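Right, one structure below, let's go through it.
Numbering (the working numbering), first residue to last: 10 to 299.
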């Protein structure tokens, strides 16, 4: 298990991607290469989980890592949750495993979620409404949420615009409407004991995300996917005040490196006394590591 006294930060948002792009027929490698250009990442094929672990070890940063199961909607083969969990276990000095299950899988997905938490130590689940093609408050997803909530898991949802498919013909079929964070308000009401993370500065719905996180005690915001130098003024204001215990460092690796994010974070107007919680303390408490 990660020793939080030895790491300088906890990155709450990193992706396990590489095996998903090892098939020539489903287009995932093209998607990843396009995204790398969008984010100006220095690669065309994403790093492996062991390579990710080594990078984070060198940076003395712990990382929550997860795949994204969107194979039903996109046709992209998913990275098996068990494989990600096993690789994370081999690198458990720096990696904390989350999983991903398409909520359209219903009872099958709920059963998988329970098994992953009980047998593989999975702490949470990543949802990407735009890639998975669903509104987060669709009752179709509630059986999966029930399983996560009953086992004490965390649910992390992509919110806002996405780099996935950006600039591709028709946005590569990605519909932005699904990722409005206001839909999460229903989920937070219906599952008040399930910890929920709204991922990313939620452009163009930043104020909706702040409102939900402020109003619902079980909702947090991660700051991944953007360099902090581009954060909207209102987000910085809330980080410095009302939501100072509910905002979390996240990079969106491998599109953004954690060291780049942390370097840019040092340049924005965050109160010095709040920085340790934002980059580590808040996540440690949420993950039950402190």
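Cβ coordinates follow ideal geometry from the N, Cα and C atoms, glycine included. Since the model is a prediction, treat every value here as computed from it, not as a measurement.
DSSP state of residue 21 mapped onto helix, strand, coil: Along the chain shown, one-based indexing puts residue 21 at 12. Correct three-state label for residue 21: strand.
The beta strand (DSSP E) enclosing residue 205, as first and last residue numbers: By one-based count along the chain shown, residue 205 stands at place 196. Per DSSP, residue 205 belongs to the beta strand (DSSP E) from 204-208.
Length of the line joining the Cα atoms of residue 226 and residue 111: As a position in the chain shown, residue 226 is number 217, starting the count at 1. As a position in the chain shown, residue 111 is number 102, starting the count at 1. So the alpha carbons of these two residues sit roughly 26 Å apart.
For residue 179 and residue 299, the rounded distance between their alpha carbons: Translated into the one-based positions of the chain shown, residue 299 becomes position 290. Translated into the one-based positions of the chain shown, residue 179 becomes position 170. Cα to Cα, residue 299 sits roughly 45 Å from residue 179.
N-terminal and C-terminal residue of the alpha helix (DSSP H) that residue 127 is part of: Here residue 127 is taken as the residue at index 118 of the chain shown, counted from 1. Secondary structure note for residue 127: its alpha helix (DSSP H) is the uninterrupted segment 115-129.
Sequence-distant residues of the same chain with beta carbon closer than 6 Å to residue 262, five excluded per side: Here residue 262 is taken as the residue at index 253 of the chain shown, counted from 1. Once the five neighbours on either side are set aside, the close Cβ partners of residue 262 are 23.
Assigned exposure category for residue 221 - 16 Cβ within 10 Å defines buried: Along the chain shown, read from residue 1 onward, the residue named residue 221 stands at position 212. Looking at its Cβ environment, which holds 16 or more other Cβ atoms inside 10 Å, residue 221 is buried.
Alpha-carbon to alpha-carbon, residue 183 and residue 277: For the purposes of this step, residue 277 is taken as the residue at position 268 of the chain shown. For the purposes of this step, residue 183 is taken as the residue at position 174 of the chain shown. Straight-line Cα distance between these residues: approximately 32 Å.
Limits of the unbroken beta strand (DSSP E) element including residue 135: Translated into the one-based positions of the chain shown, residue 135 becomes position 126. Counting along the chain, the beta strand (DSSP E) containing residue 135 begins and ends at 133-136.
Validate contact between the region 284-293 and the region 254-274 using beta carbons, cut 8 Å, 3 pairs: yes
Contained alpha helix (DSSP H) runs [length at least 4] in the region 50-112, N- to C-terminal order: 58-68, 80-83 and 90-99
Cross-strand partners of residue 231 (DSSP beta bridge): As a position in the chain shown, residue 231 is number 222, starting the count at 1. In DSSP, residue 231 forms a bridge with 208 and 257.
From 57, 243, 267 and 133, residue whose alpha carbon lies closest to that of residue 279: Within the chain shown, numbered from 1, the residue matching residue 279 stands at position 270. Here the closest residue by C-alpha is 243.
7 Å Cβ cutoff, residue 205 in contact with chain D: Any reference to chain D falls outside this structure, which holds one protein chain only.
Extent of the continuous alpha helix (DSSP H) to which residue 156 belongs: As a first step, residue 156 must be located in the chain shown, where it is residue number 147. Looking at the DSSP string, the run of the alpha helix (DSSP H) that includes residue 156 is 151-159.
Residue 235 versus residue 265: straight-line alpha-carbon distance, rounded: As a working mapping, residue 235 is identified with position 226 in the chain shown. As a working mapping, residue 265 is identified with position 256 in the chain shown. Each residue's Cα considered, the two are about 8 Å apart.
Expected contact under 8 Å - CB spacing of residue 168 and residue 190 to nearest Å: Translated into positions along the chain shown, residue 168 becomes position 159. Translated into positions along the chain shown, residue 190 becomes position 181. Sure, about 4 Å apart at Cβ, within 8 Å.
Pair within 7 Å by beta-carbon distance, residue 170 and residue 153: Counted from its first residue, the chain shown places residue 170 at position 161. Counted from its first residue, the chain shown places residue 153 at position 144. Cβ distance not < 7 Å, so residue 170 and residue 153 don't count as in contact.
Coil, strand or helix - residue 164 by DSSP: Within the chain shown, residue 164 is the residue found at index 155, counting from 1. Here residue 164 sits in strand by DSSP.
C-beta atoms of residue 125 and residue 100 nearer than 7 Å: To locate residue 125, count along the chain shown from 1; it is residue 116. To locate residue 100, count along the chain shown from 1; it is residue 91. Not closer than 7 Å, so no.
Supposed close pair residue 94, residue 130 - CB separation, criterion 8 Å: The count along the chain shown starts at 1 and reaches residue 94 at position 85. The count along the chain shown starts at 1 and reaches residue 130 at position 121. 7 Å between Cβ atoms; contact.
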